[in-house]
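The block underneath contains the structure these notes are about, expressed in structure tokens.
Residue numbers (our numbering): 9 to 374.
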């Protein structure tokens, strides 16, 4: 495989990465009480030492009483948790890497399998996690304002700790995505609306607050998805025009990079073009994009996280699309979860050393 395109530097505002490979955010739940441990710092430090260009952390929750549905997901607030994240970024920088936290509010969720519950009811645009499943309360105007402020504070803390960027989690049926989705946003106030463009208001206000808190020169990323874990075939935007109504307000609010989550990066987003989600996002907004979705493996991530193994595959199609200019960066998930040296092996064409992904990799921080 000729992978030279993956190893060109990338620069945008505070980002100056040594290559185009991004470690995708992957929930690990190894932070007891929300505090990342030394093992978490070592885990990310190994990926930086293995020459990952940009590391995006697992989802880290903002300072709201019910932002987390799992007691072992890391917080991005509070003295202890922020001290833990300071250790993480120090290790990553010492190894020559760059990193941003993914800041997150999970919204309306199912109860954790352990029986643990947060100290307040789950909150969202409505009480729905998906059509027909209620497990929380609709957010008041005050709750919305406090949540927007908490996103801004988390971003400001990330910059103060020395992180190189911040990613807002706006995908996969969590809070911001619940506002986008007509299946969960049935509000009749200014945060609702019949059109996708109208339902961007909450996301836009989060982005504006983050931008205000970090300044114009700090790189801000948002992760988006069309599909839902509750509906793999769902699309917010049914065509390019609807995607423009969705993405343009987010770009104008202050997003620098769109991280476009797909189950399989090679699948076209709309009929009549082979452009994937990241390709369309770049075409519509002119912003940099990250493509992600089963990169380097033969199976999609939902089947993998359900326990199915995946084996290495060629990157030729990925490189072809990057060389064509469809996207700027490539996020890699499970291969890097299982092997911190995956990038080095690709760079030096040591393909015979590539490892598949197995469910056992989820059980530990390698």
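The beta-carbon is built from N, C-alpha and C at its ideal position, and this holds for glycine as well.
- Of the residues assessed, residue 240 falls on the exposed side of the cut-off, its CB having fewer than 16 other CB atoms within 10 angstroms.
- Residue 180 and residue 73 have their C-alpha atoms some 21 Å from each other.
- Per the DSSP secondary-structure output, residue 196 pairs with nothing in a beta bridge.
- Sorting 88, 134 and 155 by C-alpha distance to the C-alpha of residue 75 places 155 at the top.
- Boundaries cannot be given for residue 366, as no beta strand (DSSP E) includes it and DSSP labels it neither H nor E.
- For a cut-off of 8 Å, the C-beta gap from residue 254 to residue 204 is around 5 Å, short enough to register as a contact.
- Contact check for residue 335 against residue 295 fails: the beta carbons are separated by 7 Å or more.
- Under the DSSP definition of a beta bridge, residue 31 partners with 63 and 340.
- With contacts defined as CB atoms closer than 7 Å, residue 24 and residue 15 fail to qualify as a contacting pair.
- Between the segment 101-118 and the segment 50-66, the count of C-beta pairs closer than 8 Å reaches three or more; the two stretches touch.
- Residue burial is scored here from C-beta neighbours: residue 40 has fewer than 16 other C-beta atoms within 10 angstroms and is therefore classed as exposed.
- Per DSSP, residue 187 is one residue of the alpha helix (DSSP H) stretching across 183-188.
- Taking the Cα of residue 63 as reference, the smallest distance to any Cα among 173, 128 and 360 is reached at 173.
- Around the beta carbon of residue 269, 16 or more other beta carbons sit within 10 angstroms, so the residue counts as buried.
- For residue 260, the closest of 68, 338, 209 and 236 by C-alpha to C-alpha distance is 209.
- For residue 110, the enclosing beta strand (DSSP E) begins and ends at 106-112.
- In this structure residue 42 is not in contact with residue 17, their Cβ atoms being roughly 35 Å apart against a cut-off of 8 Å.
- Note that the segment 127-135 does not touch the segment 87-95; fewer than 3 beta-carbon pairs, one per stretch, sit closer than 8 Å.
- Counting along the chain, no alpha helix (DSSP H) covers residue 303, and no H or E run does either.
- Cβ atoms of residue 264 and residue 21 come within 8 Å of each other, at about 6 Å.
- Residue 232: member of the beta strand (DSSP E) spanning 227-233, first to last residue.
- With a threshold of 16 other beta carbon atoms within 10 Å, residue 374 falls short and is exposed.
- Check the Cα spacing between residue 65 and each of 119, 110 and 248: the tightest is with 110.
- The C-alpha of residue 171 is placed about 29 Å away from the C-alpha of residue 331.
- Residue 282 carries a coil assignment under DSSP once its states are collapsed to helix, strand and coil.
- Approximately 7 Å separates the beta-carbon atoms of residue 159 and residue 176; this is inside 8 Å, confirming the contact.
- With respect to the C-alpha of residue 277, the residue from 258, 257 and 249 having the closest C-alpha is 249.
- Distances from the CA of residue 226 to each of 251, 120 and 216 were compared; the closest alpha carbon is that of 216.
- When the Cα atoms are used, residue 257 and residue 272 turn out to be separated by approximately 26 Å.
- Per DSSP, the continuous alpha helix (DSSP H) segment holding residue 101 begins and ends at 87-102.
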